[in-house]
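Numbering (the numbering used here), first residue to last: 1 to 203.
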Amino acid sequence: MIAPTSVSSAVKRAAVVLLACVALCAASCSDDPGGGGVFEFTCIDFTPSVTTPDPGTLYAVRGDDSGCNSVFVELWVTGVDDVFGADLDISYDAEVSLFLGGDVTGSLLAAGGAAVQLLEFEEVAGQAKVGVTRLGGMGVNVTDPQLLVTLEFANISPDPGDDLLVIVDNCLVDSGDPEPAPIDGVTCEGGTLSVEVFDEDDL
């Protein structure tokens with residue numbers, strides 16, 4: 001049973017702003033003979049592990065609205081029948097990124113006008129659980145790729161590095177009787193969260 005998060009997205013966003021300020025204040029400036037310096041800063045990005053997924057896959061894609069301080073990771077589904085929801089176990093490096101939460105806008109689970117429920121929380125730093133489900137009705141047959149849920153991760157590291165975003169397999173659930181059950185054979189593909197260093201010349 002997935003419980004609602006105990007830390008609101010607003011609180012997490014406030015923490016991100018604070019951490020971003022700390023990272024900016026700690027950004028290095030290389031001395032030169034004239035006494036000037038080069039301002040450096042870090043940005044987060046996401047690279048999916050697959051670009052051409054096979055049927056029967058939940059896979060991650062970098063969202064177009066991603067920025068420097070946070071990145072949107074969209075989870076898409078292709079070639080799976082009777083999708084009623086998802087029970088996602090997600091792991092990542094808590095020293096590199098912070099999970100801010102999810103969004104079900106545009107979710108395939110809203111097909112036919114169904115309401116969609118989203119529940120999320122971090123069990124421990126670096127491990128999040130995200131549950132998303134239709135409220136009533138039957139499951140959705142997904143042939144072509146469709147969006148399931150969007151996750152947001154923030155950059156909290158002042159140093160460059162890579163971080164694997166791992167999603168446990170068999171993460172989708174059906175509309176089973178008497179209750180939803182995991183859909184066997186579904187591969188869940190994540191990707192890499194990366195922090196890169198830029199300087200003022202990149203602005």
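Note that the Cβ used here is the ideal one computed from N, Cα and C, for glycine as well.
Measuring alpha carbon to alpha carbon, tell me which residue in S49, G67, V61, Y59 is nearest E196. The sequence position of residue 196 within the sequence shown is 196, counting from 1. Checked all of S49, G67, V61, Y59; the closest Cα to E196 is G67.
Roughly how far, in whole angstroms, is the beta-carbon of T51 from the beta-carbon of G191, given that I think they are within contact range, below 8 Å? Residue numbering aside, residue 51 sits at position 51 when the sequence shown is read from its first letter. Residue numbering aside, residue 191 sits at position 191 when the sequence shown is read from its first letter. Contact between T51 and G191 fails: their C-beta atoms lie close to 10 Å from each other, not under 8 Å.
Between P178, L58, L164, which lies nearest to D87 when the distance is taken from Cα to Cα? Here residue 87 corresponds to residue number 87 of the sequence shown, with the count starting at 1. The shortest C-alpha separation from D87 is found at L58.
Buried or exposed: N155, going by 16 or more other Cβ atoms within 10 Å of its Cβ? The count along the sequence shown starts at 1 and reaches residue 155 at position 155. Per the 10 Å Cβ criterion, buried.
Anticipated Cβ contact below 8 Å, F198 with F41, distance rounded: Within the sequence shown, numbered from 1, the residue matching residue 198 stands at position 198. Within the sequence shown, numbered from 1, the residue matching residue 41 stands at position 41. Here F198 really is in contact with F41; their C-beta atoms are around 6 Å apart, less than 8 Å.
Beta-carbon of L100 versus every beta-carbon of chain C: anything under 7 Å? Of the chains in the structure shown, none is chain C; there is only one protein chain.
Chain-order list of residues whose beta-carbon lies under 7 Å from that of P53 (same chain, five-residue window excluded): Counting from one through the sequence shown, the residue named residue 53 turns up at place 53. Around P53: Y59, T78, E189.
Consult DSSP for L135 and reduce its assignment to one of helix, strand or coil. For the purposes of this step, residue 135 is taken as the residue at position 135 of the sequence shown. L135: coil per DSSP, three-state reduction.
Can you tell me the Cα-Cα spacing of L108 and G161, whole angstroms? Indexing the sequence shown from 1 puts residue 108 at position 108. Indexing the sequence shown from 1 puts residue 161 at position 161. Those two C-alpha atoms are separated by around 33 Å.
Helix or strand or just coil, what does DSSP make of A114? Within the sequence shown, the letter at position 114 stands for residue 114. Coil at A114, not helix or strand.
Between S70 and D163, how many whole angstroms is the CB-CB distance? I'm expecting something under 8 Å. If you number the sequence shown from 1, residue 70 lands on position 70. If you number the sequence shown from 1, residue 163 lands on position 163. About 14 Å separates the beta carbons of S70 and D163, which is beyond the 8 Å limit, so they are not a contact pair.
Given this structure, state the Cα-to-Cα distance separating C21 from L172, to the nearest angstrom. Position 21 of the sequence shown, counted from the start, is the residue given in the question as residue 21. Position 172 of the sequence shown, counted from the start, is the residue given in the question as residue 172. Unreliable positioning characterises C21 in this predicted model, as indicated by a pLDDT of 42, which lies under 50. A coordinate reading is not provided.
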